[in-house]
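**Q**
There are 2 protein chains.
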Amino acid sequence: MNNEAPLFGRIALIGIGLIGSSLARSINKYSISEHISIYSRSPETLKKACDLKLGDSYHRDPAQAVKNADLVIICTPMGAYTTVAQAIAPGLKMGAIVSDVGSSKRSVFSDLNPYLPDGIHLVPAHPVAGTADSGPESGFSELFKGHWCIITPLETTDPTAVTKVKNLWIRCGMMVEIMDASRHDHVLAITSHLPQLISYTIVGTVADLQDDLKSEVTKFAAGGLRDFTRIAASDPTMWRDVCLKNKDAVLDVLGRFMEDLTALQRAIRRGQGDLLEDSFSSAREIRRRVIEAKQDFINVKPKDES
Amino acid sequence: MNNEAPLFGRIALIGIGLIGSSLARSINKYSISEHISIYSRSPETLKKACDLKLGDSYHRDPAQAVKNADLVIICTPMGAYTTVAQAIAPGLKMGAIVSDVGSSKRSVFSDLNPYLPDGIHLVPAHPVAGTADSGPESGFSELFKGHWCIITPLETTDPTAVTKVKNLWIRCGMMVEIMDASRHDHVLAITSHLPQLISYTIVGTVADLQDDLKSEVTKFAAGGLRDFTRIAASDPTMWRDVCLKNKDAVLDVLGRFMEDLTALQRAIRRGQGDLLEDSFSSAREIRRRVIEAKQDFINVKPKDES
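So the sequences go chain by chain: A and B.
For the first sequence, our numbering assigns the number 1 to the initial residue and increments by one for each residue that follows.
For the second sequence, our numbering assigns the number 1001 to the initial residue and increments by one for each residue that follows.
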């Protein structure tokens, strides 16, 4: 598929869910590494990854999985990062790069750095792409294509290591932006974490309704609820961790949102039609910007990709 | 396209936006009426409808448009209903059926009934289907296919008139449910009005951010915000009217939602991971039900339909 030389001799993927397995497929398809070693905590998941031929070697021991790897990418829920760091530390090669794909970035430093040996380059990254599916069978090589990957190194991070991680994601079809971790966490709290939490909440509000109403509610979901149920089908463990890891920024935007919702509530109660219409109209401007930024698409798994 | 006999001699469409124009296309495609007469308040819209050959006659006077019509369907924003009722009343044929497509149903009786002459059958209806687009050019004949139409007659409404409206929507590809107007308003407040208001609010929260953050926010919209901006691109006038017409039910579900959001906020602040995960997991059950109810799809306009 690709005539360019591999960027890495050996990449280790720790965790092989939607993102990990999509990355494995992308690494294979675009010849990004000579060898992919895969670790999963769950024997069933590891077997699935093996059946799907996602890697070149499969490991039950994290330290074995990262042995001789030039690049280690942590693709587990963020709540497991500290355990993972402790487990891989003894196996890491001197000069190896450790990266991740998590949705919160400030926490990566505090969760990983204390456990990584000297001479390891920590380059946190966040490919902003996904679907509501989970597990190694749900991944596909083009998941990342056309979307943005945010990399959040420290000022002191080795630029060569940053460039290597950047090139990996570019080869996967992403555009890359280097950003301060705090800024990432604030921007993503708005563009991703808040929408996700609201989807969970609205679907939860529905789930709390008595049973007869529930059947009608799902029947008429085409009125708008449908889209929220799709978003709310995302992995609960992953999102639990995002909330806890990006707590400050999430609480900040949740607070702003609740202020705005309270203002809306008051406008409806008071029958302030002009205020409602003005406020609804302003949303179209943001829509226009998203289309201009060419981010109004979602990659879907092709039927013929295993 | 269809060998069945027309259900009506003449249907008048008052308003020819997304829903009105989709209905006109459907009526044509499935030979539902021998004649379609179209009224629009806006000369530009009426000209577009004429250019698109959506009807058989085009009118600037509502009373003229409904003359000799067996069925009149009001497809304007709900805020215009009373004006429309007053304007069509002098032209209505004795025994004609007046119906609509609005998203709130209790208000239809209070907005229309006082102005309709005796001998007119009022049969409110709500085809639960739509896209975020508006205007006559955005409609398409298969918009309604596979979704539900809710009809909310009074107990005293002539059953023959109800059956006629029911058959129209069935021929357009919909499944039909007869429901009490209050129940409709409560169910739709949850499945449609709340999701819409939340989408407007979250996109509004983003719109209020300072300009530099706004560009980053749209760039990384793939994290979840994108779906909300699409929903929030819907017609602001239509949704203003829905809020005001279904005020009680909307404020009720908005109140429930805010309670749930406050509980979420507290769980995040307290770091209650188990509570978060349980709450997020329960959302998957509703998702499963929506899929079972076969409502996880949206019809899109085919490229070759004008």
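For glycine and all other residues, C-beta sits at the position ideal for the given N, C-alpha and C.
(1) Please list the partners that B/Cys1172 has in chain A, where partner means a Cβ-to-Cβ separation under 9 Å.
(2) Is A/Pro195 near B/Gly1204, with beta carbons less than 9 Å apart?
(3) Identify whether A/Gly9 lies in helix, strand or coil by the three-state DSSP scheme.
(4) Report yes if the C-beta distance between A/Ile170 and A/Ile150 is below 9 Å; otherwise report no.
(5) Between B/Lys1113 and B/Ile1231, what straight-line distance do the alpha-carbon atoms span, to the nearest angstrom?
(6) Can you find the residues in the same chain that come closer than 8 Å, C-beta to C-beta, to A/Phe109, ignoring five residues on each side of it along the sequence?
(7) So, is B/Asn1068 buried or exposed, given that buried needs 16 or more other C-beta atoms within 10 angstroms?
(8) Can you give the Cα-Cα distance for B/Glu1034 and A/Phe280, rounded to whole angstroms?
(9) For B/Arg1226, count the other beta carbons within 10 Å of its own beta carbon; 16 or more makes it buried, fewer makes it exposed. Which is it?
(10) Looking at the secondary structure, which residues open and close the alpha helix (DSSP H) in which A/Pro127 lies?
(11) State the DSSP-derived secondary structure class of B/Leu1175, mapped to helix, strand or coil.
(12) Could you give the first and the last residue of the continuous beta strand (DSSP E) run that contains B/Leu1071?
(13) Smallest Cα separation from B/Leu1092: which of B/Pro1077, B/Arg1106, B/Val1072, B/Asp1158?
(14) In the DSSP assignment, find the unbroken alpha helix (DSSP H) run with B/Glu1142 in it and report its ends.
(15) Taking the C-alpha atoms as reference points, what is the distance between A/Ile14 and B/Leu1254?
(16) Secondary structure at A/Asp100, three-state DSSP: helix, strand or coil?
(17) Leaving out five residues before and five after B/Ala1089 in sequence, what residues of the same chain have Cβ atoms less than 8 Å from its Cβ?
(18) At least one CB of chain A closer than 9 Å to the CB of B/Leu1071: is that the case?
(19) To be precise: take each residue of the stretch 179-204 of chain A, compare its Cβ to all Cβ atoms of chain B, and keep it if any distance is under 7 Å. Which residues remain?
(20) Quick one: which residues of the stretch 211-226 of chain A get their C-beta closer than 9 Å to a C-beta of chain B? List them in chain order.
(21) Which full runs of the beta strand (DSSP E) of 3+ residues lie inside the stretch 23-85 of chain A, going along the chain?
(22) Output the boundary residues of the alpha helix (DSSP H) element that contains A/Glu216.
(23) Return the Cβ separation of B/Thr1229 and A/Val250 in integer angstroms, given the expectation that the two are a contact with Cβ distance under 8 Å.
(24) Taking the straight line between their C-alpha atoms, what separation do you get for B/Ala1283 and A/Asn246?
(25) Would you mind sorting B/Met1238 into buried or exposed? The rule is 16 or more other CB atoms within 10 Å of its CB.
(26) Could you tell me whether the stretch 1213-1222 of chain B touches the stretch 182-192 of chain A, where touching means 3 or more Cβ pairs closer than 8 Å?
(27) Between A/Ala96 and A/Val300, what straight-line distance do the alpha-carbon atoms span, to the nearest angstrom?
(28) So A/Thr322 is in the alpha helix (DSSP H); what residue range does that whole segment cover?
(29) Would you kindly report the start and end of the unbroken alpha helix (DSSP H) that includes B/Ser1199?
(30) Against chain B, with Cβ distances strictly below 9 Å, would A/Asp260 count as a contact?
(31) Does the CB of A/Arg287 have a neighbour CB from chain B at under 9 Å?
(32) Taking CB distances under 9 Å as the criterion, tell me whether A/Gly15 reaches chain B.
(33) Tell me, please, which residues DSSP counts as bridged to A/Ile16.
(34) Pair every Cβ in the stretch 1046-1056 of chain B with every Cβ in the stretch 1074-1085 of chain B, then say whether three or more of these pairs are closer than 8 Å.
(35) I'd like the list of long-range same chain contacts for B/Phe1144, defined as Cβ closer than 6 Å, with 5 residues on each side in sequence excluded.
(36) Which residue's Cα is closest to the Cα of A/Glu44: A/Glu137, A/Asp211, A/Ile198?
**A** Result, derived from the coordinates:
(1) Residue 1172 of chain B sits at position 172 when you count from the first residue of the second sequence. Those do not exist, as B/Cys1172 stays about 14 Å from chain A at its closest Cβ, beyond 9 Å.
(2) Mapped onto the first sequence, residue 195 of chain A falls at position 195. Mapped onto the second sequence, residue 1204 of chain B falls at position 204. No, these two residues do not count as a Cβ contact at 9 Å.
(3) As a working mapping, residue 9 of chain A is identified with position 9 in the first sequence. Three-state DSSP puts A/Gly9 in a strand.
(4) Indexing the first sequence from 1 puts residue 170 of chain A at position 170. Indexing the first sequence from 1 puts residue 150 of chain A at position 150. Going by C-beta atoms, A/Ile170 is not nearer than 9 Å to A/Ile150.
(5) As a working note, residue 1113 of chain B is residue 113 in the second sequence. As a working note, residue 1231 of chain B is residue 231 in the second sequence. At residue 1113 of chain B the sequence reads Asn, which differs from the Lys that was named. One C-alpha to the other measures close to 32 Å.
(6) Your numbering for residue 109 of chain A matches position 109 in the first sequence. If we look at A/Phe109 and ignore the five residues flanking it on each side, its Cβ neighbours are Leu122, Pro124, Leu154, Ala181.
(7) Taking the first residue of the second sequence as position 1, residue 1068 of chain B is located at position 68. Answer is exposed; the Cβ neighbour count stays below 16.
(8) Position 34 of the second sequence, counted from the start, is the residue given in the question as residue 1034 of chain B. Position 280 of the first sequence, counted from the start, is the residue given in the question as residue 280 of chain A. Their Cα atoms are separated by approximately 39 Å.
(9) As a working mapping, residue 1226 of chain B is identified with position 226 in the second sequence. Per the 10 Å Cβ criterion, buried.
(10) As a first step, residue 127 of chain A is located in the first sequence; it is residue number 127 there, counting from the start. Taken as a continuous stretch (DSSP letters only), A/Pro127 belongs to no alpha helix (DSSP H), being part of the beta strand (DSSP E) at 125-127.
(11) Numbered from 1 along the second sequence, position 175 holds the residue referred to as residue 1175 of chain B. Per the sequence presented here, residue 1175 of chain B reads as Met, with Leu not at that position. Strand.
(12) In the second sequence, the residue the question calls residue 1071 of chain B occupies position 71. Per DSSP, B/Leu1071 belongs to the beta strand (DSSP E) from 1071-1074.
(13) One-based indexing of the second sequence puts residue 1092 of chain B at position 92. Nearest option by C-alpha distance: B/Val1072.
(14) On the second sequence, residue 1142 of chain B is found 142 positions in, with the first residue counted as 1. Segment: none, B/Glu1142 is in no alpha helix (DSSP H) and carries neither H nor E.
(15) If you number the first sequence from 1, residue 14 of chain A lands on position 14. If you number the second sequence from 1, residue 1254 of chain B lands on position 254. Straight-line spacing of the CA atoms in A/Ile14 and B/Leu1254 works out to 42 Å.
(16) Within the first sequence, the letter at position 100 stands for residue 100 of chain A. In this structure, DSSP gives A/Asp100 an extended state, which the three-state scheme calls strand.
(17) The sequence position of residue 1089 of chain B within the second sequence is 89, counting from 1. Ala1063, Tyr1115, Leu1116, Pro1117, listed in sequence order.
(18) For the purposes of this step, residue 1071 of chain B is taken as the residue at position 71 of the second sequence. Contacts with chain A at 9 Å (Cβ-Cβ) do not include B/Leu1071.
(19) Val187, Leu188, Ile190, Thr191, Ser192, Leu194, Pro195, Gln196, Leu197, Ile198, Tyr200, Thr201, Ile202, Val203, Gly204
(20) Leu213, Lys214, Ser215, Glu216, Val217, Thr218, Lys219, Phe220, Ala221, Ala222, Gly223, Gly224, Leu225, Arg226
(21) Runs found: 33-39, 57-59, 71-74.
(22) What you label residue 216 of chain A is simply residue 216 of the first sequence in a count that begins at 1. That run of the alpha helix (DSSP H) goes 211-219.
(23) Sequence index remark: in the second sequence, residue 1229 of chain B carries index 229 (1-based). Sequence index remark: in the first sequence, residue 250 of chain A carries index 250 (1-based). The distance from the Cβ of B/Thr1229 to that of A/Val250 is about 20 Å, inconsistent with a contact at the 8 Å cut-off.
(24) Numbered from 1 along the second sequence, position 283 holds the residue referred to as residue 1283 of chain B. Numbered from 1 along the first sequence, position 246 holds the residue referred to as residue 246 of chain A. If I take the Cα positions, the gap works out to 21 Å.
(25) Residue numbering aside, residue 1238 of chain B sits at position 238 when the second sequence is read from its first letter. By the Cβ neighbour-count rule, B/Met1238 is buried, with 16 or more other Cβ atoms within 10 Å of its own.
(26) yes
(27) Here the question's residue 96 of chain A lines up with position 96 in the first sequence. Here the question's residue 300 of chain A lines up with position 300 in the first sequence. Distance between the alpha carbons of A/Ala96 and A/Val300: 33 Å.
(28) Not covered by the structure: residue 322 of chain A. The range shown for chain A is 1 to 306.
(29) Here residue 1199 of chain B refers to the residue found at position 199 of the second sequence. Unbroken alpha helix (DSSP H) run through B/Ser1199: 1194-1207.
(30) Walking along the first sequence from the start, residue 260 of chain A turns up at place 260. Answer yes: the Cβ-Cβ gap between A/Asp260 and chain B drops below 9 Å somewhere.
(31) Within the first sequence, the letter at position 287 stands for residue 287 of chain A. Taking a beta-carbon distance threshold of 9 Å, A/Arg287 counts as an interface residue toward chain B.
(32) Numbered from its first residue, the first sequence carries residue 15 of chain A at position 15. It does not: the Cβ of A/Gly15 has no partner Cβ on chain B nearer than 9 Å.
(33) Numbered from 1 along the first sequence, position 16 holds the residue referred to as residue 16 of chain A. Answer by DSSP bridge pairing: none, since A/Ile16 is not bridged.
(34) no
(35) Position 144 of the second sequence, counting from 1, holds the residue named residue 1144 of chain B. Pro1127, Ala1129, Cys1172, Gly1173, Met1174.
(36) Taking the first sequence and counting its residues from 1, the one referred to as residue 44 of chain A is at position 44. Answer by Cα proximity: A/Glu137.
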